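Here the structure is laid out as C-alpha coordinates; the discussion comes afterwards.
In the UniProt record's numbering, the protein residues as written are 1 to 109.
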(Lines of atoms letter the chains of each structure in order from A and count residues from 1; the text may use other names and numbers.)
(Lines give C-alpha, C1' and ligand atoms only; values in the text may rest on other atoms or scores of the structure.)
Protein backbone atom coordinates (compact mmCIF):
# COMPACT_ATOMS: atom_id res chain seq x y z
CA UNK A 1 0.00 0.00 0.00
CA UNK A 2 1.31 3.47 -0.90
CA UNK A 3 0.99 6.37 1.51
CA UNK A 4 -0.21 9.76 0.32
CA UNK A 5 1.73 12.49 2.08
CA UNK A 6 1.58 16.25 2.38
CA UNK A 7 4.97 17.97 2.03
CA UNK A 8 5.62 21.10 4.10
CA UNK A 9 8.60 23.45 4.15
CA UNK A 10 8.71 25.54 7.35
CA UNK A 11 5.02 24.72 7.89
CA UNK A 12 3.87 25.78 4.39
CA UNK A 13 2.52 23.14 2.00
CA UNK A 14 4.71 22.88 -1.12
CA UNK A 15 4.19 21.02 -4.36
CA UNK A 16 7.46 19.58 -5.69
CA UNK A 17 7.98 19.22 -9.43
CA UNK A 18 8.13 15.69 -10.78
CA UNK A 19 7.94 13.88 -14.09
CA UNK A 20 5.36 11.43 -15.40
CA UNK A 21 8.02 8.72 -15.62
CA UNK A 22 8.35 8.94 -11.82
CA UNK A 23 4.77 7.68 -11.35
CA UNK A 24 4.56 3.95 -10.68
CA UNK A 25 2.20 1.96 -12.88
CA UNK A 26 2.11 4.26 -15.91
CA UNK A 27 3.26 2.25 -18.92
CA UNK A 28 2.35 4.64 -21.74
CA UNK A 29 2.57 8.39 -22.05
CA UNK A 30 0.15 10.27 -24.29
CA UNK A 31 1.66 12.90 -26.51
CA UNK A 32 5.19 13.25 -27.75
CA UNK A 33 8.24 14.34 -25.89
CA UNK A 34 9.82 17.54 -27.09
CA UNK A 35 13.50 17.80 -27.86
CA UNK A 36 15.81 18.42 -24.93
CA UNK A 37 16.89 21.83 -26.22
CA UNK A 38 20.38 23.25 -26.50
CA UNK A 39 22.93 22.63 -23.80
CA UNK A 40 23.47 25.51 -21.39
CA UNK A 41 26.72 27.45 -21.15
CA UNK A 42 29.62 25.86 -19.34
CA UNK A 43 30.65 27.42 -16.05
CA UNK A 44 34.05 28.98 -15.56
CA UNK A 45 36.73 27.24 -13.56
CA UNK A 46 37.87 29.21 -10.52
CA UNK A 47 41.45 30.10 -9.75
CA UNK A 48 43.51 27.54 -7.89
CA UNK A 49 44.89 28.26 -4.46
CA UNK A 50 48.61 28.59 -3.74
CA UNK A 51 50.67 25.43 -4.07
CA UNK A 52 53.01 24.37 -1.27
CA UNK A 53 56.75 24.11 -1.75
CA UNK A 54 57.91 20.45 -1.92
CA UNK A 55 59.35 19.33 1.40
CA UNK A 56 57.66 22.16 3.33
CA UNK A 57 55.34 21.23 6.22
CA UNK A 58 52.11 22.96 7.14
CA UNK A 59 51.49 24.83 10.40
CA UNK A 60 51.43 22.73 13.55
CA UNK A 61 48.31 22.20 15.61
CA UNK A 62 48.07 22.78 19.35
CA UNK A 63 50.71 20.94 21.34
CA UNK A 64 48.66 20.87 24.53
CA UNK A 65 46.98 23.22 26.98
CA UNK A 66 50.17 25.29 27.26
CA UNK A 67 50.96 25.44 23.53
CA UNK A 68 49.63 27.94 20.99
CA UNK A 69 47.02 26.68 18.54
CA UNK A 70 48.14 26.58 14.91
CA UNK A 71 46.04 27.33 11.86
CA UNK A 72 45.12 23.68 11.36
CA UNK A 73 44.43 22.88 15.01
CA UNK A 74 41.47 20.55 15.48
CA UNK A 75 38.85 20.51 18.19
CA UNK A 76 36.02 18.25 19.21
CA UNK A 77 33.95 21.10 20.61
CA UNK A 78 30.53 21.70 19.12
CA UNK A 79 30.38 24.65 16.74
CA UNK A 80 28.12 27.62 17.37
CA UNK A 81 27.10 30.39 15.00
CA UNK A 82 29.96 32.51 16.36
CA UNK A 83 32.65 29.98 17.39
CA UNK A 84 34.32 27.35 15.19
CA UNK A 85 34.16 23.74 16.37
CA UNK A 86 33.72 20.49 14.44
CA UNK A 87 32.54 22.74 11.60
CA UNK A 88 33.11 26.41 10.87
CA UNK A 89 30.88 29.02 12.50
CA UNK A 90 29.81 30.11 9.00
CA UNK A 91 28.70 26.57 8.09
CA UNK A 92 26.88 26.23 11.43
CA UNK A 93 24.95 29.44 10.72
CA UNK A 94 23.97 28.10 7.26
CA UNK A 95 22.92 24.76 8.74
CA UNK A 96 20.76 26.43 11.38
CA UNK A 97 18.89 28.46 8.75
CA UNK A 98 17.96 25.51 6.48
CA UNK A 99 14.21 25.06 6.06
CA UNK A 100 12.45 22.35 8.05
CA UNK A 101 10.88 19.74 5.74
CA UNK A 102 8.03 17.62 7.13
CA UNK A 103 5.89 14.85 5.67
CA UNK A 104 2.37 14.26 7.02
CA UNK A 105 0.42 11.16 5.99
CA UNK A 106 -3.00 12.19 4.64
CA UNK A 107 -4.15 8.87 3.19
CA UNK A 108 -3.12 5.75 1.31
CA UNK A 109 -3.85 4.04 -1.98
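We treat Cβ as the ideally placed atom computed from N, Cα and C, and that holds for glycine.
It should be emphasised that the depicted structure is a prediction, and the values quoted were computed from it without experimental measurement.
Coil, strand or helix - residue 10 by DSSP: Your numbering for residue 10 matches position 10 in the chain shown. Correct three-state label for residue 10: coil.
C-alpha distance - residue 78 paired with residue 1, whole-angstrom precision: Translated into positions along the chain shown, residue 78 becomes position 78. Translated into positions along the chain shown, residue 1 becomes position 1. Their backbone Cα atoms lie some 42 Å apart in a straight line.
Secondary structure of residue 90, DSSP reduced to three states: Position 90 of the chain shown, counted from the first residue, corresponds to residue 90. In the structure shown, residue 90 sits in a helix (DSSP, three-state: H, G or I).
Neighbour-count burial assignment, residue 93, 16 or more Cβ in a 10 Å radius: By one-based count along the chain shown, residue 93 stands at place 93. It counts as exposed.
Distance between residue 86 and residue 6 (C-alpha atoms, nearest Å): Taking the chain shown and counting its residues from 1, the one referred to as residue 6 is at position 6. Taking the chain shown and counting its residues from 1, the one referred to as residue 86 is at position 86. Roughly 35 Å separates the two Cα atoms.
Helix, strand or coil at residue 20 [DSSP, three-state]: Translated into positions along the chain shown, residue 20 becomes position 20. If DSSP states are grouped into helix, strand and coil, residue 20 belongs with the helices.
Which residues DSSP lists as bridging residue 102, in chain order: For the purposes of this step, residue 102 is taken as the residue at position 102 of the chain shown. In DSSP, residue 102 forms a bridge with 8.
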